[in-house]
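In terms of our numbering, the numbers along the sequence shown are unbroken and rise by one, the last being 289. Here the structure is laid out as structure tokens; the discussion comes afterwards.
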Amino acid sequence: MNHTFPSLSSPGEADVLFLDLDGTLTDPSEGITKAVMYSLEFFGIHEDDPQKLYPFIGPPLYDSFMQHYGFDLPTARKAVEHFQEYYSRQGMYENVPYPGIRELLYAWQRDGRKLVLATSKPEEFAVRILERFGMAGAFTLMEGGDAAEARVEKKMVIDYAMKKLGMKDSRGCLMIGDRKFDVLGAAAHGFPTLGVLYGFGTKEELLQAGASWLAGSVEELGTLLSSDSRK
Numbered sequence: 059m060n061h062t063f064p065s066l067s068s069p070g071e072a073d074v075l076f077l078d079l080d081g082t083l084t085d086p087s088e089g090i091t092k093a094v095m096y097s098l099e100f101f102g103i104h105e106d107d108p109q110k111l112y113p114f115i116g117p118p119l120y121d122s123f124m125q126h127y128g129f130d131l132p133t134a135r136k137a138v139e140h141f142q143e144y145y146s147r148q149g150m151y152e153n154v155p156y157p158g159i160r161e162l163l164y165a166w167q168r169d170g171r172k173l174v175l176a177t178s179k180p181e182e183f184a185v186r187i188l189e190r191f192g193m194a195g196a197f198t199l200m201e202g203g204d205a206a207e208a209r210v211e212k213k214m215v216i217d218y219a220m221k222k223l224g225m226k227d228s229r230g231c232l233m234i235g236d237r238k239f240d241v242l243g244a245a246a247h248g249f250p251t252l253g254v255l256y257g258f259g260t261k262e263e264l265l266q267a268g269a270s271w272l273a274g275s276v277e278e279l280g281t282l283l284s285s286d287s288r289k
């Protein structure tokens, strides 16, 4: 899928950075997979291979329970409740920031860029995670999914954030994320995505969705958005 975004010819030109959380700023795999296992046990389903549950990292949870375990929507919502029971108690802290990402966020802030968190994770959890790891102060705005699971699609989170910021258009905006959901959510609002390959999406997934640029590491991400690259 190809998208054309005339407002940016390179990622370094971006003034407003929309950032995903899981797989982009932190590695949440331990906490998320354990929370999924905890939830599945309630339904008599035992999973002991965490990597099998990696597809749950990124998309809305109820979609994942429906897609991978055949739950109907009411059952999926119940599964999400059990997931959040574990995650709020323990799982959110079983989370590791990618080395160098905190320093990079504050470097972007010092460059005068506006940083906006846009995650499908419940906003309450997302904010607490960023506060725990000393990253919250780099953000102008932190937005995530709502408690009712009504605002979980990435394009909805971005829309909500843009309205709160009073943005009339998406000129100068760039999404940074690791899954196709980030790419498609940003494209719905007319701006491009820089896909990171150190998270949980593949190069093929990101390119097929229409990612404009790719970064293989946090260091490469920093190079692509360095102050020297800005016009």
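Just so you know, even glycine gets a beta-carbon here, dropped at the ideal spot from N, CA and C. The structure presented is a predicted model; accordingly, all values stated were derived computationally and were not measured.
Query, Result
"So, Thr84 versus Leu111, is the Cβ gap smaller than 9 Å?", "no"
"Looking at the unbroken beta strand (DSSP E) that takes in Glu201, where does it start and where does it end?", "199–203"
"I need the boundaries of the beta strand (DSSP E) containing Ile234, first residue and last residue.", "231–235"
"Could you check whether the region 225–233 touches the region 243–257, counting it as contact only if at least three pairs of C-beta atoms, one from each stretch, sit closer than 8 Å?", "yes"
"By alpha-carbon positions, which one of Phe191, Arg190, Val215, Glu211 ends up nearest to Met200?", "Val215"
"Inspect the CB distances between the region 140–153 and the region 96–116 and report whether three or more fall short of 8 Å.", "yes"
"Would you say the region 103–117 touches the region 74–83, given that touching needs at least three Cβ pairs under 8 Å?", "yes"
"In this structure, how does DSSP classify Val276 when only helix, strand and coil are distinguished?", "helix"
"Distance, Cα to Cα, Val210 vs Leu119?", "9 Å"
"What number of angstroms, rounded off, separates the C-alpha of Ser87 from the C-alpha of Met124?", "20 Å"
"In its own chain, which residues sit with a C-beta less than 8 Å from the C-beta of Met220, not counting the 5 before and 5 after it?", "Ser228, His247"
"Between the region 175–187 and the region 145–160, do three or more beta carbon pairs fall short of 8 Å?", "yes"
"With distances taken Cα to Cα, identify the nearest neighbour of Leu163 among Phe100, Phe191, Ser178.", "Phe191"
"Looking only at its chain, what residues have a beta carbon closer than 6 Å to the beta carbon of Asp236, apart from the 5 residues adjacent to it on each side?", "Gly81, Thr82, Val254, Gly257, Phe258, Gly259"
"Where does the unbroken beta strand (DSSP E) through Ala246 begin, and where does it stop?", "From DSSP, Ala246 is part of no beta strand (DSSP E); its letter is neither H nor E."
"Helix, strand or coil: how does DSSP classify Ser122 here?", "helix"
"Inspect the beta-carbon positions of Leu282 and Gly70 and report whether they are closer than 9 Å.", "yes"
"Can you tell me whether Phe239 is helix, strand or coil according to DSSP?", "helix"
"Using alpha carbons as the reference points, say which of Lys222, Tyr218, Pro157 lies closest to Asp278.", "Checking the sequence shown, residue 278 turns out to be Glu, not Asp. That would be Pro157, whose Cα lies nearest to the Cα of Glu278."
"Are Leu75 and Ser270 close, meaning C-beta to C-beta below 9 Å?", "no"
"Tell me the DSSP secondary structure of Ser146 in three-state form.", "helix"
"Out of Ser284, Asp73, Ala245, Gly280, point me to the one whose CA is closest to Gln266's CA.", "Ala245"
"Measure the Cβ-Cβ separation of Asp240 and Lys212 and say whether it is below 9 Å.", "yes"
"Assuming Gly195 and Thr177 form a contact by the criterion Cβ under 8 Å, report the distance between their Cβ atoms to the nearest whole angstrom.", "Contact doesn't hold; Cβ gap of about 17 Å is too wide."
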